[in-house]
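Chains as they are written, first to last, in the working numbering: chain A, 29 to 144; chain B, 29 to 144.
Think of the CB as a built atom: it goes at the ideal place given N, C-alpha and C, for glycine as much as any other residue.
Note that the structure is a prediction, hence the values are computed from the model and not measured.
Here's the structure we're looking at; comments come further down.
2 protein chains.
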Amino acid sequence: MDKITATIVFESLASGVRLDIFRLLVKAGEEGLVVGEIGRALGIPPTNLSFHLKALTQARLLVVEQQGRFQRYRANLALMRELIAYLTEECCSGHPEQCFDQDSESGCCDTQTPLS
Amino acid sequence: MDKITATIVFESLASGVRLDIFRLLVKAGEEGLVVGEIGRALGIPPTNLSFHLKALTQARLLVVEQQGRFQRYRANLALMRELIAYLTEECCSGHPEQCFDQDSESGCCDTQTPLS
DNA sequence: GCATTAATTAAATAATAATTGTATTATTGC
DNA sequence: GCAATAATACAATTATTATTTAATTAATGC
Numbered sequence: 029m030d031k032i033t034a035t036i037v038f039e040s041l042a043s044g045v046r047l048d049i050f051r052l053l054v055k056a057g058e059e060g061l062v063v064g065e066i067g068r069a070l071g072i073p074p075t076n077l078s079f080h081l082k083a084l085t086q087a088r089l090l091v092v093e094q095q096g097r098f099q100r101y102r103a104n105l106a107l108m109r110e111l112i113a114y115l116t117e118e119c120c121s122g123h124p125e126q127c128f129d130q131d132s133e134s135g136c137c138d139t140q141t142p143l144s
Numbered sequence: 029m030d031k032i033t034a035t036i037v038f039e040s041l042a043s044g045v046r047l048d049i050f051r052l053l054v055k056a057g058e059e060g061l062v063v064g065e066i067g068r069a070l071g072i073p074p075t076n077l078s079f080h081l082k083a084l085t086q087a088r089l090l091v092v093e094q095q096g097r098f099q100r101y102r103a104n105l106a107l108m109r110e111l112i113a114y115l116t117e118e119c120c121s122g123h124p125e126q127c128f129d130q131d132s133e134s135g136c137c138d139t140q141t142p143l144s
């Protein structure tokens, strides 16, 4: 992942509303949710919801599929994994010893060789 | 990490300028850098730099130490680890099979049991 | 003490982002 | 075809962020 992509993804997640949408769709899993369901679940009016869904989709954090007159949205977990990888590299770059092999709350990666 | 903290951290990283600052300070390591050095390295004028450093510090992504009339900033890698842990949980919540045990570019966590 | 340097604060402006209301597009079922 | 529904596009407004200039605070060295 490059810096520009990372910035766009961060922007997408840097909003309580969009973070709620994303987390809801992660929970919804492979089935995903249609716009009306998301709106009802989170109490967001349609136009505003469209605005945020567009942002998340343009950032590729969401994937959309048309089903008749419904739009079904799903979370793009692959991109989330890429983001985690990017942060891990950022976090470790040049200084892996600061990032690993110590008491960490992350519960992630501690036992692995850091990325180059 | 809670949702509010995560949002604040994402906001901090959702700016090319701030992402540059953070990455520079990760590279700088334990020694950190003083404001003038950061400004010269990235070509950011002092007042604007102060603005972004304040945002990053309030988000706790940076830690600052006064040294005479200099302010030395360092990256807070512990918080970055917490963020990675949060994203990992988000990413896996309820659907670990989508997040792990498959071809992943992340190179991270794949061999581990996902978080609850 | 005074001039110099480092950095921040404060105030004004410019630029973006979020929200709301209205209108439009497209699909469904009759 | 027509009414009803799902969702988005557009336009206007509001709110938030980013940037710049000028002024201030605080530490250093003479």
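Who are the Cβ neighbours of residue i in its own chain at under 7 Å, not counting the five residues just before and after it?
i                 : result
Glu110 of chain A : Met29
Ser40 of chain B  : Arg46, Ala83, Leu84, Ala87, Leu89
Glu93 of chain A  : Arg100
Only counting the same chain, and skipping five residues up and downstream in sequence, which positions put a Cβ closer than 6 Å to that of residue i?
i                 : result
Val45 of chain A  : His80
Val37 of chain A  : Ala87, Leu111
Thr33 of chain B  : none
Val54 of chain A  : Ala103
Ile72 of chain A  : none
Ser121 of chain A : none
Val91 of chain B  : Arg102, Asn104
Leu70 of chain A  : Asp48
So which of the options has the shortest CA-CA distance to residue i?
i                 : options                               : result
Arg68 of chain A  : A:Leu105, A:Gly57, A:Asp48            : A:Asp48
Cys119 of chain A : B:Ala42, B:Met108, B:Gly60            : B:Met108
Ala56 of chain B  : B:Tyr101, B:Ser43, B:Thr116, B:Leu115 : B:Tyr101
Lys31 of chain A  : B:Leu70, B:Ser43, B:Ser121            : B:Ser43
Which two residues bound the contiguous beta strand (DSSP E) that contains residue i?
i                 : result
Ala103 of chain A : 98 to 103
To the nearest angstrom, how far is the alpha carbon of residue i from that of residue j?
i                 : j                 : result
Leu105 of chain B : Gln99 of chain B  : 19 Å
Arg97 of chain A  : Arg51 of chain A  : 24 Å
Gln95 of chain A  : Gly60 of chain A  : 12 Å
Gly135 of chain A : Glu58 of chain A  : In this prediction, Gly135 of chain A scores a pLDDT of 38, lower than 50, which makes its location untrustworthy; no coordinate-derived value is stated.
Leu77 of chain A  : Val63 of chain B  : 40 Å
Ile66 of chain A  : Pro74 of chain B  : 44 Å
Glu117 of chain B : Thr35 of chain A  : 21 Å
Leu115 of chain A : Leu115 of chain B : 10 Å
Mind checking who residue i pairs with in its DSSP beta bridge?
i                : result
Glu93 of chain A : A:Arg100
Leu61 of chain B : B:Tyr101
State the start and end residues of the unbroken alpha helix (DSSP H) segment that holds residue i.
i                : result
Gln40 of chain B : Just to set this straight, residue 40 of chain B is Ser in the shown sequence, not Gln. That run of the alpha helix (DSSP H) goes 31 to 41.
Ala83 of chain B : 74 to 86
Gly71 of chain B : From DSSP, Gly71 of chain B is part of no alpha helix (DSSP H); its letter is neither H nor E.
Gly44 of chain A : 44 to 56
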